[in-house]
């Protein structure tokens with residue numbers, strides 16, 4: 001009979017999680033032509049090939065290199081090429097030049113993935129050599145690596161979309177266009193009142209969370225009201241038609257300067273043809289779906305819209321307060337669409353998860369007594385706690401088992417290439 | 001016997017306040033050559049002449065134009081030239097081009113000041129024509145205009161310093177250099193513990209405050225500790241000598257990118273000559289005073305120093321919590337020095353007010369249920385609530401009757417031309 | 001009776017030339033307010049104060065410092081501050097920061113001028129201490145310094161015009177506006193044929209010339225035709241109205257990119273008000289004078305206009321060939337207007353000198369066997385022989401005794417702040 | 001018996017020329033991985049895939065679209081995507097974004113090539129339908145298209161080299177490294193005297209030439225001397241070791257500014273490892289070959305080197321004068337190396353053709369009475385006649401039957417990605 005510790009058992013069962021995650025990345029790449037793997041229009045939108053290699057490098061560097069005897073990397077230069085921003089383990093390759101890495105080829109990168117997958121499998125199968133402390137450590141790093149890869153799964157889609165959009169051919173990632181139910185009408189915008197009071201914020205469960213979701217702490221939350229759904233495309237169109245983009249009084253000072261300089265006057269992927277509105281999506285160009293939540297807008301646009309509408313954005317604490325009470329609403333449909341489509345919304349509060357990232361009024365800052373992950377992975381989240389805003393809720397491109405009520409995403413106020421939309425509050 | 005309302009009486013006594021403030025601006029300009037009035041090295045550092053005109057424009061636009069019958073501006077073009085950022089009342093002149101306004105001349109701008117001062121005097125003297133409501137309104141706008149001019153009094157000095165520094169002659173604003181007591185030693189760095197708990201933040205008194213200090217609201221403050229004094233130059237030198245500027249692990253990601261791009265490796269006005277450290281001050285170049293609080297550093301530098309020292313910056317709530325309990329420490333000396341000099345620090349907590357602005361860990365955001373000032377002056381504070389960090393405490397250049405425990409200043413994380421230093425917390 | 005050498009005598013008479021030139025600079029500054037002395041909108045347009053000091057520095061550095069025993073500069077830092085681009089004698093102060101030099105003050109700079117003038121006077125009066133070789137050398141450097149100051153006299157006006165133009169008040173340098181004769185009509189555009197053949201180019205006389213005008217050399221000139229006058233404003237208007245600025249086929253590739261990027265669609269100082277054309281001049285804003293030569297256009301614009309008109313620009317050799325045969329046309333009127341006004345043009349070829357600089361088809365390159373001036377002043381012309389185009393003829397702002405048929409001016413193709421116009425050829 | 005005109009016969013034989021040229025492009029791409037086809041580090045270095053499509057578009061647009069009845073393009077969007085700079089036929093796709101065109105795929109582009117090749121073949125085979133005038137026209141356009149493709153054959157190599165160099169793996173285009181004869185020593189630098197005199201410049205033969213080589217015209221050429229060979233790497237090393245890059249007096253003003261701003265201090269592909277010099281080549285990284293001609297330097301560097309060496313660069317007229325007298329030296333070896341290697345140089349004048357492009361002192365300007373090609377292809381050369389310098393002689397990457405004594409290449413003074421070297425003159 002066995003003496004195996006609980007952590008050893010858990011570790012054994014983790015192999016499947018690992019393989020499922022890795023396989024999903026592969027599935028996401030199936031629709032691609034080989035030519036599509038190396039596009040990068042701006043520093044932020046990395047090539048798919050780079051995502052494939054970087055997520056693999058993460059497991060190699062933060063697990064294999066630490067636990068393997070006589071560790072030998074797949075290729076000595078990959079440590080430099082596929083390091084994103086971990087200065088603690090070496091000098092990363094210039095971010096905006098990732099598209100210049102024609103070598104290693106796509107084939108070699110897939111071999112790299114197999115090589116590391118095989119090594120991880122062996123490590124998990126033969127974990128009896130490890131101490132319980134090592135197993136705990138390994139369990140955490142595996143979970144981190146998997147959540148990390150899930151983040152890149154979303155980026156693979158958002159980056160590809162942005163890069164494809166630069167091509168006048170407007171390529172389709174998905175050629176089979178989903179049927180859109182044009183009879184769906186969303187419920188009218190309504191605000192739910194919350195009395196506020198003493199409450200707690202942050203992650204307190206046993207499972208995995210990022211360091212930035214902790215520690216769990218008490219706050220005093222003033223009363224507030226929270227919109228029953230996201231702002232829809234037809235509502236955002238009204239803002240445009242009311243010349244919202246031409247009225248400085250609606251905008252933050254930096255936002256006004258930003259749209260003046262860039263000439264922005266509509267969401268990122270919208271365009272007009274013969275006086276009709278269209279939107280570029282992963283299914284190619286489509287007529288604008290008026291009943292879908294607006295997305296691909298900056299914080300500045302979300303904030304200006306809210307002011308125009310006579311409301312404001314919620315704080316991240318307000319959002320989390322609501323989400324924790326409505327978290328059973330996380331949709332479990334296995335195949336998410338690649339674009340927010342009109343859906344029946346019969347809940348009291350709709351669109352909480354996996355419809356569109358929701359800009360909050362909160363700057364991305366450490367929670368009181370925040371501690372970064374220890375060692376090299378301490379660079380994961382903490383060093384970005386400046387100049388960015390918190391987003392909550394995930395989009396339809398976020399893996400469903402990746403999101404949770406305490407999850408804190410963050411982007412710069414000007415960023416628009418993520419699927420970012422508007423929840424109103426008051 | 002008189003029936004004069006209380007507000008009418010208050011209004012009468014306000015004339016002296018107004019004149020004192022306006023006269024102080026004039027005193028600040030006394031040491032200048034006429035050539036010095038129009039310098040502008042970067043968009044942020046406006047010419048003195050522009051400050052003189054803009055503060056006058058503020059009274060003319062936001063008071064005279066509203067209350068005078070048959071209002072006629074001093075010059076029709078000034079409304080465009082001396083508007084800083086009030087889009088609601090017209091299109092401001094391009095900020096970075098202010099130094100190109102050789103006309104109106106300095107003489108004309110002084111005439112403009114006298115013209116408006118005379119009109120304001122008349123308005124106050126003959127306020128009996130006004131309704132009580134108008135008097136309330138006038139009282140508020142006058143207070144706002146005076147506080148506004150005080151902010152520009154500080155800017156006159158910080159902008160001039162920055163602009164002078166571009167000249168290899170390193171001109172002196174003050175030619176009489178103060179005696180420095182080299183025997184003063186600051187107390188060792190010590191942290192005072194505060195238990196935290198439920199407390200209130202924000203302005204609740206009857207006097208003047210800016211909109212961003214309100215509303216007064218309750219928060220739940222975790223326990224924290226707070227340094228007994230600011231970080232000193234000799235302490236900051238240790239950070240430099242320990243190669244703090246070369247260690248990415250100490251820096252926020254944006255901060256590291258910022259110092260790499262700009263080559264920053266010391267506070268703004270420091271320089272070395274024959275292996276000795278010097279500092280450019282409003283008294284000209286001086287040997288670095290080791291026992292003075294470090295100043296003219298960015299948020300990035302303050303944050304990196306705190307991490308290097310094993311601590312962190314305080315939140316604005318922590319700072320205010322302490323300051324409200326130690327506000328009797330506001331120094332009342334009539335003639336502030338133009339540079340932080342070593343002082344005897346026998347208080348439990350030192351350097352709270354008027355030594356150096358203290359970067360906090362808090363992004364500049366609206367308080368819960370924040371309401372901007374009404375009408376045109378609503379643009380004063382609210383539209384800057386993005387991308388900036390809160391600073392507290394004032395510097396030796398801040399007028400002493402301008403600062404208070406609830407006062408929220410804000411600058412971009414990269415800004416260094418204000419007198420900004422470091423308070424540590426844990 | 002005297003044994004004085006010819007060069008000594010010549011030297012004696014040079015004092016008057018020197019003083020006349022220096023006094024003229026002073027006259028040019030008479031209309032200025034003190035506030036006007038330090039404007040600099042772009043690197044190219046230096047402050048007047050800087051021009052006053054730099055021309056003085058030129059005499060101090062290249063004459064006094066070489067000939068005076070125990071030479072002591074007026075101020076040790078001026079060597080750095082007022083060096084324009086002579087790397088051979090030290091590091092020049094950053095060009096685009098000249099407007100940040102509030103010190104030395106205007107008064108000090110005028111004292112500097114007097115100080116150097118006095119020294120030069122003494123040197124010339126007591127030149128008997130010098131050898132004949134030194135006298136020759138001194139004569140050349142004085143001539144160079146005077147011609148150098150004349151170039152800056154023109155720049156004082158063109159730079160001031162550009163800097164004033166940034167001010168919405170559109171200040172007037174000259175308040176007395178000249179009478180414009182609206183009855184003057186220019187002769188129709190006509191082309192004079194020249195058969196070409198063997199000819200010589202470059203300066204061969206005894207007087208002063210710049211190094212770039214030498215050596216005198218033989219060329220083989222193909223036949224060509226040359227326009228009888230400059231292109232006029234009403235002709236250039238036709239180009240605009242024919243959408244010349246919207247037709248890429250008319251433009252050099254770099255020119256097209258340049259106007260697309262900058263949005264240029266008319267000459268520099270033109271603007272429209274109530275559908276009427278106006279032009280900013282040193283007399284302030286004036287209705288566009290249709291019979292005046294067009295000026296303040298780039299090489300790109302001149303070239304595009306010529307193509308649109310079915311012609312081309314002349315080469316500098318063609319221009320010089322014509323000018324040498326028509327050099328008696330140099331106008332000798334003592335008080336030039338500050339703007340090209342309609343004039344009676346009865347010559348076979350008009351507008352050759354002192355109406356507008358004429359862009360040529362020739363890149364600014366060394367003549368065969370070109371030798372730069374010796375020693376430090378070798379940097380005067382030669383190092384700019386790349387990326388610039390030759391202009392000929394001078395403008396109404398060029399001192400009349402400064403221009404000559406062999407004179408080669410040079411600017412970048414994009415430059416427009418000089419008074420630059422169009423001579424057509426075929 | 002046949003009546004076929006001479007031009008019809010010539011046309012028939014042109015098919016082979018066409019096919020040979022097109023096949024050579026294909027051969028150049030053989031060593032590539034599919035990942036390599038879409039690299040673009042800077043606007044100037046287009047992706048290989050784009051070159052393949054653009055050269056095809058050239059034949060399609062400028063021949064097929066004009067001569068085919070019911071012409072239908074291969075794909076309607078290609079007209080936009082693969083237009084380089086012909087504004088006359090439509091709006092070109094943004095140059096610096098060419099690397100974002102993952103679609104059409106490489107496979108589709110090869111199909112495009114086959115499609116157009118087939119059409120051209122048919123056109124040539126069935127040219128009996130054409131008038132003699134049309135045949136003349138076709139003959140010219142074919143020749144132009146072939147010479148155009150040859151230019152892109154060179155660009156394919158130079159662009160790939162530049163793009164590969166951004167990858168730290170330093171990929172090899174050619175894996176079989178040629179044997180280098182280390183015993184070869186070049187003859188010492190010697191100058192051949194030419195008396196000059198009346199001569200003619202430009203193309204006058206019957207064959208194909210570009211418009212910019214015409215018309216053939218007479219000039220008067222001063223005497224000059226001309227170096228017997230190109231400057232070698234070991235000679236350029238001396239310039240570096242003598243601190244040539246740190247001495248402003250050696251540099252043109254724009255050149256000095258350019259190297260200061262960019263930090264350039266050696267030829268483009270040179271680097272040091274363990275104190276040894278290496279050079280990146282199409283064979284990968286190799287130890288610097290000291291006896292090879294220096295290449296990949298800017299005009300500024302060539303000019304500064306010449307000044308340092310006490311000489312100057314030749315004018316394009318001098319170069320052509322010599323080349324016409326030594327044109328039998330055009331090397332006919334069928335397989336050029338992909339990098340200039342040491343060779344036996346027994347000629348009186350060496351390295352004239354196909355070793356390295358030679359910067360001349362001449363700005364790229366029209367010859368007297370220059371006429372651009374008629375119709376749309378008039379944009380080919382003329383619109384670039386500004387801001388660029390003429391280069392002569394071709395490099396080892398230039399197809400041997402593409403270069404000739406009158407050939408005028410042109411690049412901006414700062415450009416270094418072409419194989420550009422130094423011929424000295426005096």
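Chains as they are written, first to last, in UniProt numbering: chain A, 1 to 426; chain B, 1 to 426; chain C, 1 to 426; chain D, 1 to 426. Glycine included, every Cβ here is placed at the ideal spot set by N, Cα and C.
Chain-order list of chain D residues neighbouring residue 77 of chain A: 168 and 169, by C-beta distance under 7 angstroms. Closer than 9 angstroms to the CB of residue 159 of chain A there is not a single CB belonging to chain D. Counted as a single uninterrupted DSSP element, the stretch harbouring residue 41 of chain D is not any alpha helix (DSSP H), since DSSP gives it neither H nor E. Counting along the chain, the unbroken alpha helix (DSSP H) around residue 134 of chain A starts and ends at 132 to 165.
C-alpha of residue 378 of chain A to C-alpha of residue 106 of chain A: approximately 30 angstroms in a straight line. Beyond the five residues adjoining it in sequence on each side, residue 47 of chain B comes within less than 7 angstroms, by CB distance, of 37, 38, 39, 40, 98 and 99 in the same chain, given in chain order.
In the three-state DSSP reduction, residue 228 of chain D falls in the strand class (E or B). The beta carbon of residue 74 of chain C does not come within 9 angstroms of any beta carbon belonging to chain D, so the residue lies off that interface.
Its Cα nearest to that of residue 59 of chain C, the residue C/141 stands out among C/141, C/387 and C/164.
At least one C-beta of chain D is nearer than 9 angstroms to the C-beta of residue 255 of chain C. Distances from the alpha-carbon of residue 341 of chain C to those of C/323, C/397 and C/92 put C/397 closest. Within chain A, the C-beta atoms nearer than 8 angstroms to that of residue 217 of chain B come from 222, in chain order. Cα atoms of residue 29 of chain A and residue 23 of chain A: separation of roughly 10 angstroms, rounded to the nearest angstrom.
A contact is defined here as three or more CB-CB pairs under 8 angstroms, and the stretch 207 to 224 of chain A fails this definition with respect to the stretch 178 to 188 of chain A. Apart from sequence neighbours up to five positions away, the residues of its chain that approach residue 406 of chain A with a beta-carbon distance below 7 angstroms are 202, 203, 209, 213 and 320, ordered along the chain. Chain D places no beta carbon closer than 9 angstroms to that of residue 290 of chain C, leaving this residue out of the contacts.
By the rule that beta-carbons nearer than 9 angstroms mark a contact, residue 324 of chain B does not touch chain A. Every alpha helix (DSSP H) of 4 residues or more that sits fully in the UniProt domain "Sulfatase-modifying factor enzyme-like" (191 to 323) of chain B is shown, in chain order, as 233 to 241, 253 to 262 and 299 to 308.
Rounded to whole angstroms, residue 424 of chain C and residue 358 of chain C show a C-alpha spacing of 9 angstroms. At a cut-off of 9 angstroms between C-beta atoms, residue 43 of chain C does not count as an interface residue with respect to chain D.
Taking the CA atoms as reference points, residue 190 of chain D sits about 20 angstroms from residue 222 of chain D.
Considering only beta carbons, the part of the stretch 76 to 99 of chain C lying closer than 9 angstroms to chain B consists of 77, 80, 81, 93, 94, 97 and 99, in chain order. If the five residues before and after residue 372 of chain A are omitted, its C-beta is found closer than 6 angstroms to the C-beta atoms of 211, 378 and 382, all from its own chain and listed in chain order. Burial is judged here by how many other beta carbons sit within 10 angstroms of a residue's own beta carbon; residue 71 of chain B has fewer than 16 and is exposed.
Interface criterion not met: the Cβ of residue 271 of chain D is under 9 angstroms from no Cβ in chain A. In the assembly as shown, residue 55 of chain D is a buried residue. Its beta-carbon has 16 or more other beta-carbons within 10 Å. If you draw a straight line from the Cα of residue 83 of chain D to the Cα of residue 66 of chain D, it is about 16 angstroms long.
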